[in-house]
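K.L.:
Following my numbering, the numbering of the sequence shown begins with 55 at its first residue and continues without gaps. First, the structure itself, so that you have it in front of you.
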Amino acid sequence: MAEVDKALVQQFSDNFLILSQQKKSRLEETVTVKSGIIGTSYRDDAMGGSEAEDVIVRGTTLGSKELPHQGRYVDLTDSEWWTHIYSHDEQKMLADPKSAALIVGVAAMNRKKDRRIIAALGGNARQIRENGTSEFVPLPASQKIAHGNTGLTRAKIVSALEILGLADAIDDDDLSNMVTLVVTQAQISDILNDDKMTSADYNAVRLLMDARIDVFMGCKWKKTNLLPFTNGIRYCYMYVKDGVLLGLGQDIKTSITVRNDLHGQPWQPYIAQSTGAVRREDVKVVEIACQE
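What follows is the structure, given as structure tokens:
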């Protein structure tokens with residue numbers, strides 16, 4: 055039986071329920087966004103730090119001194135989504151399926167943004183060498199916390215915060231540059247099952263009352279089921295907002311047209327976007343491996 059046959063009129067419903075799925079991008083607001091990119095890639099340039107020196111002898115010639123530079127690339131990838139809604143089926147339905155189809159398609163594009171961000175967090179960052187060629191930089195081992203045959207623990211969170219803090223990656227005076235911890239429901243369950251974490255000492259975050267976590271231990275918690283999962287190990291990430299860049303060449307663009315070239319002349323909801331992401335600075339990202 056064709057998929058559309060399931061919605062043919064029997065006077066059951068006058069609208070469509072969108073089945074369970076992640077509909078919005080949960081991570082776009084947690085990273086830096088560069089929109090309106092022209093071309094296939096965007097070079098993000100950064101400048102390193104330098105220390106001041108004491109004056110020993112006045113009037114001497116200053117030696118050569120250059121600041122460290124780094125250039126990393128956001129490489130854009132085009133994505134598209136479409137479906138066909140046949141007019142002879144549409145007339146047999148009580149609800150208009152076109153708008154519901156667009157909601158489903160936009161949700162798919164939003165999840166694609168999150169997948170780009172997650173891939174950038176733990177993947178290779180394309181970086182320019184001094185000779186102009188590219189190299190691919192993996193997340194250093196020093197930025198990774200091993201699973202240790204445990205799920206998410208307070209010790210792992212503290213260790214990740216320490217890694218960021220020792221690198222001066224966290225600016226306590228810049229509240230807009232927040233620290234995000236991306237997890238799945240399994241890691242939230244780890245915390246809720248930890249008696250120490252849910253004791254009266256932590257009641258201010260209402261862990262037991264709401265069974266959800268918003269801001270806890272200095273991090274904005276975000277839940278998604280898109281995180282990498284391999285051989286029973288889930289890879290979660292703690293990062294600073296300006297440590298990751300999401301590039302938008304074309305943000306989500308929608309259209310609905312009639313396909314006169316196809317039998318039945320179906321309506322075609324179509325959605326396109328062009329996105330990419332890169333880890334801007336390794337010290338601002340920490341991978342936390344958790345056993346599930």
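Every residue gets a Cβ at the ideal spot worked out from N, C-alpha and C, and that includes glycine.
#1: Using the beta-carbon count (16 or more within 10 Å), is S188 buried or exposed?
#2: Enumerate in chain order the residues of its own chain whose CB-to-CB distance from R313 is below 6 Å, with the five nearest sequence positions on each side excluded.
#3: Exposed or buried, which one is L229 when buried takes at least 16 other CB atoms within 10 Å?
#4: The ligand ZN heavy atoms versus the CB of L299: any closer than 7 Å?
#5: Among the residues of its own chain, which have a CB less than 6 Å from the CB of N164, if the five just before and after it don't count?
#6: With a threshold of 8 Å, are at least 3 pairs of Cβ atoms found where one atom belongs to the region 323-338 and the other to the region 154-173?
#7: Within 10 Å of its beta-carbon, does R333 have 16 or more other beta-carbons around it, so buried, or fewer, so exposed?
#8: Can you check the region 168-240 for any beta strand (DSSP E) of at least 3 residues that lies completely inside it and give the ranges in chain order?
#9: Is G176 closer than 8 Å to Q345 when the C-beta atoms are compared?
#10: Please say whether Q181 and Q348 have beta carbons closer to each other than 8 Å?
#11: Have a look at H138 and R170 and give me their C-alpha separation to the nearest angstrom.
#12: Restricting to Cα atoms, I'd like to know which of Q241, L300, G330 and M292 is closest to V337.
#13: Could you check what DSSP says for G113 in three-state terms: helix, strand or coil?
#14: Please work out which residues of its chain come closer than 7 Å, Cβ to Cβ, to S104, disregarding the five sequence neighbours upstream and downstream, and give them in chain order.
#15: Skipping 5 residues on each side, what residues in its chain have a beta carbon closer than 8 Å to that of A100?
#16: Whole-angstrom Cβ separation of I199 and V340, contact assumed at under 8 Å?
#17: Considering L81, what are the terminal residues of the beta strand (DSSP E) in which it resides?
#18: To the nearest angstrom, report how far apart D244 and T207 are at their CA atoms.
#19: Indicate whether I217 and Q197 have their beta-carbon atoms separated by less than 8 Å.
P.N.:
A quick look at the data gives this:
#1: exposed
#2: P320 and Q322
#3: exposed
#4: The model depicted lacks the ligand ZN and carries no ligand whatsoever.
#5: K78 and S79
#6: yes
#7: buried
#8: 179-182, 188-191 and 233-237
#9: no
#10: Given a span of 55 to 346 for the chain in the structure shown, any question on residue 348 remains unanswerable.
#11: 27 Å
#12: M292
#13: coil
#14: L121
#15: H123, Q124, G125, R126, R334 and E335
#16: 7 Å
#17: Looking at the DSSP string, L81 is not in any beta strand (DSSP E), and its letter there is neither H nor E.
#18: 7 Å
#19: yes
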